[in-house]
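See structure below.
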Amino acid sequence: MKRKALAVMMAMTMVLAMAGCGSKPAEKPAETTEAATEEATTEEAAEEAAVEEPAVEEAAPEETAEAVETMSYADFLAAEVDDPVVVDTFVQAKQSWWNDSATIYTQTPEGAYFVYGMACSQEDYDLLVPGTEIIVTGYKGEWSGELEIVDATFVIKEGGESFIAEAADVTELLGTDDLIAHQNELVSFKGMTVEASTDPDGNEVAYLYNWDGSGSQGDDLYFNVSVNGATYSFTVESYLCDASTEVYQAVENLAIGDVVDLEGFLYWYEGANPHITKVTAAA
Numbered sequence: 007m008k009r010k011a012l013a014v015m016m017a018m019t020m021v022l023a024m025a026g027c028g029s030k031p032a033e034k035p036a037e038t039t040e041a042a043t044e045e046a047t048t049e050e051a052a053e054e055a056a057v058e059e060p061a062v063e064e065a066a067p068e069e070t071a072e073a074v075e076t077m078s079y080a081d082f083l084a085a086e087v088d089d090p091v092v093v094d095t096f097v098q099a100k101q102s103w104w105n106d107s108a109t110i111y112t113q114t115p116e117g118a119y120f121v122y123g124m125a126c127s128q129e130d131y132d133l134l135v136p137g138t139e140i141i142v143t144g145y146k147g148e149w150s151g152e153l154e155i156v157d158a159t160f161v162i163k164e165g166g167e168s169f170i171a172e173a174a175d176v177t178e179l180l181g182t183d184d185l186i187a188h189q190n191e192l193v194s195f196k197g198m199t200v201e202a203s204t205d206p207d208g209n210e211v212a213y214l215y216n217w218d219g220s221g222s223q224g225d226d227l228y229f230n231v232s233v234n235g236a237t238y239s240f241t242v243e244s245y246l247c248d249a250s251t252e253v254y255q256a257v258e259n260l261a262i263g264d265v266v267d268l269e270g271f272l273y274w275y276e277g278a279n280p281h282i283t284k285v286t287a288a289a
C-alpha cells in the first residue's frame, strides 16, 4: 500500500510541475502516438493489399483461359522423346478401346500420328468418327522405331473441320530410307505379288495367324508380298481390322502368286510393318 500511495504522490507532483512549465497534458502524447500507430497500421494494410492484389487478378478465369497452342508436324518430329507435345489432327481410324483408353490413327496434310493409350471414355470413343478434328496433348514416345503420342488426353475441336486422307502410293519407296517419312500415314502399295510363308508344319501357305503361325483365326494375320524383286512382310492387325472385316477375310482367301493392290497405315516395328486395311485384285 505504501508503494501505491508514494506512486500517486509522485505522479501528482509531476503533473503540477508540467502544468507550471506550460507543458501539454500528459495524455496528449499518448493520443498522438496511438493515432500515429493506427495510421501506420492502416498504411501497412494498404501496402499489403496492394502487393496481394496482382496475385488475385492473375488467378481470374478470364486471364488463365487461353487458347491451346499446337505444334506443326515438323516440330513434332524435331521434339525429343518424352517431350510434351500438343497437336491439332484428324481421326483416320480407331484401332482399339479398352478400360477408358483408346488407340487411334490420325493425320493432317503435313503428316500422321499414332496416338497410343489416350484417355477416352466409351462415349467419347464413339464420337471419334473418321475425319473428326481433335486437339491431342501428351508426350512423344518411341517403340522399336515407331513414333507415338503417349499418356495423352484430347478434346474434340469445337467448330472443327473434317479431313480424310487419300492413300499415298509409296510402292517405289519400299526398301528405301525415304519410306519412313510417311510413317503412320494412309498409304498404298500397287502390284504386289503374294509370296509363300512357311507354317509350323513346314507347309507353304499364303498367310499365317501370328508372325510365326502359332495363332488361330481372330489373331493378327501376316503375309508376304513382293515387288521389284524384294519381299516384305505385311500385317492385318486384328484390333484394327478383326476377323469380321472384309480385309481380314480377303487375306484369308489369298493364294500364293496372286497380284494385289494394298492399302493401310504405315506402322513401324524394327522397320516398315504396314497395317493393311484394304486388299483388292491388281488392275
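With the sequence shown counted from 1, adding 6 to any position gets you this note's numbering. Ideal placement from N, C-alpha and C gives every residue a C-beta, glycine not left out.
*Please confirm if the stretch 250–259 is in contact with the stretch 115–133, defined as three or more CB-CB distances below 8 Å between the two stretches.*
no
*Same chain only: Cβ atoms within 6 Å of W217, ignoring 5 sequence neighbours per side*: The residue given as residue 217 occupies position 211 in the sequence shown. Closer than 6 Å at the Cβ level, and outside the excluded window around W217, lie Y228.
*Residue nearest to Q113 in terms of C-alpha spacing, selected from V87, G123, A173, A287*: Along the sequence shown, one-based indexing puts residue 113 at 107. Among V87, G123, A173, A287, the Cα nearest to that of Q113 is on A173.
_I'd like to check one pair, V92 with T109: are the Cβ atoms closer than 7 Å?_
By 1-based counting over the sequence shown, the position of residue 109 is 103. By 1-based counting over the sequence shown, the position of residue 92 is 86. Not closer than 7 Å, so no.
*Between the Cα of G235 and the Cα atoms of L214, W104, N279, T199, which residue gives the shortest distance?*
Start at 1 with the first residue of the sequence shown, and residue 235 comes out as number 229. Selected option, being the one with the closest Cα: T199.
*Applying the criterion that 16 or more other CB atoms from any shown protein chain within 10 Å of the CB defines a buried residue, is I170 buried or exposed?*
Taking the sequence shown and counting its residues from 1, one reaches residue 170 at position 164. I170 should be labelled exposed.
_Taking 7 Å as the threshold (C-beta atoms), are V97 and A158 in contact?_
As a first step, residue 158 is located in the sequence shown; it is residue number 152 there, counting from the start. As a first step, residue 97 is located in the sequence shown; it is residue number 91 there, counting from the start. No, they are not a contact pair.
*How about the stretch 263–276 and the stretch 185–196: do they share at least three Cβ pairs that are nearer than 8 Å?*
yes
*Which residues bound the beta strand (DSSP E) around L272?*
In the sequence shown, residue 272 corresponds to position 266, counting from 1. Where L272 is concerned, there is no enclosing beta strand (DSSP E), given that its DSSP letter is neither H nor E.
_Segment limits, beta strand (DSSP E) that includes D130_ = On the sequence shown, position 124 is the one that residue 130 refers to. No beta strand (DSSP E) holds D130; the alpha helix (DSSP H) holding it covers 128–133.
_Nearest-angstrom beta carbon gap, D88 and K146 [assumed within contact, 8 Å]_ = On the sequence shown, position 140 is the one that residue 146 refers to. On the sequence shown, position 82 is the one that residue 88 refers to. Their Cβ separation, rounded to whole angstroms, is 7 Å, which keeps K146 and D88 in contact under 8 Å.
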